[in-house]
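These notes concern the structure reproduced below.
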Amino acid sequence: MSRTGEAVEARFRRAEAWDLVALRDLEREAGLAALGHVFDPARHPYPSDEVLARWALVLDEPGVGVEVVDDPGAPGRLLVLVAHDASTVRHLAVAPAVWGRGLARSALARAVASIAAAQPGDPAHLDNPAQSAVASAAASAAASARPREASLWCLVENHRARGLYEHLGWLPGAERREAGWPPYPLEMTYTLPLP
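Under full-length UniProt numbering, think of the first position of the sequence shown as 1, with each following residue one higher.
In structure tokens form, the structure reads like this:
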């Protein structure tokens, strides 16, 4: 339910190769709305080709999940995207038209649940009893190797996102790095302890 009382139905699905342009377009739309003060489009044009190429790599990368919600009013357009691996939320974007309606919260919850459930190995496919003992030991080690926290990087100047993360219990970290696009603003880490 939004602050205005409008609910947005969030039917998440796995992103596919045909979503590449929509992924880039949503990231651009959300980024310009939230970060125009950082990435001035007059001085630093949006790197459309580079972002499109990055999304192609992300979609093909083993161990990375990308989920999206389609815009029911505009075929081929997305309302939300979230990408994560076994320990890190890599990307989150929500269409500005639906900000404040719980989609970012839902997307983060899905990513964190997946991270919390991540296991570096699954011995269930092994039928050989000799291998099963080894697999059981590996499963035990894998369980202890599960991430104890989820992490993400956020632009220091992305006050809207930082407010959401902190409201949801994410803890700001001290680590900083330059973002990958001009003018290379600083990013900071956030972590969320997992149950």
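Ideal Cβ positions, reconstructed from N, Cα and C, are used throughout, including at glycine.
Count the other C-beta atoms from every protein chain shown that fall within 10 angstroms of the C-beta of residue i, then say buried if there are 16 or more, exposed otherwise.
| i | result |
| --- | --- |
| V134 | Because the pLDDT at V134 is just 47, under 50, the model does not fix this residue reliably, and the value given afterwards should be weighed accordingly. Exposed: under 16 other Cβ atoms inside 10 Å. |
| D19 | buried |
| A97 | exposed |
| A113 | exposed |
| E50 | exposed |
| V80 | buried |
| L159 | Position check: residue 159 holds His in this sequence, whereas Leu was assumed. By the neighbour-count rule (16 or more Cβ atoms within 10 Å), H159 is not buried but exposed. |
| D40 | exposed |
| D60 | exposed |
| Y184 | exposed |
| H37 | exposed |
| V65 | Looking at the sequence itself, residue 65 is Gly, so the reference to Val does not match. Label assigned to G65: buried. |
| S48 | exposed |
| L26 | buried |
| R24 | buried |
| H91 | buried |
| G121 | Because the pLDDT of G121 is 43, which lies under 50, any placement of that residue in the model is unreliable, and the number read from its coordinates should be weighed accordingly. G121 comes out exposed. |
Kindly indicate the opening and closing residues of the beta strand (DSSP E) around residue i.
| i | result |
| --- | --- |
| E149 | E149 to L155 |
| G173 | L171 to E178 |
| R28 | Segment L20 to L35 is the alpha helix (DSSP H) holding R28; no beta strand (DSSP E) there. |
Tell me the residue span of the alpha helix (DSSP H) that contains residue i.
| i | result |
| --- | --- |
| H44 | That residue, H44, is in no alpha helix (DSSP H); it is neither H nor E in DSSP. |
| G163 | H159 to H167 |
| R101 | Taken as a continuous stretch (DSSP letters only), R101 belongs to no alpha helix (DSSP H), as it is neither H nor E. |
Could you name the residues that DSSP lists as bridge partners for residue i?
| i | result |
| --- | --- |
| H84 | G65 and V89 |
| G186 | Note that residue 186 is Leu in the sequence shown here, rather than Gly. E178. |
| V94 | V80 |
| P72 | P72 is not bridged to any residue. |
| R14 | E67 |
| L192 | A150 |
Does any residue of chain D have a CB that is nearer than 8 Å to the CB of residue i?
| i | result |
| --- | --- |
| V112 | The displayed structure is made up of one protein chain only, and chain D is not part of it. |
Taking three-plus beta-carbon pairs below 8 Å as touching, is the stretch 69-85 in contact with the stretch 43-51?
no
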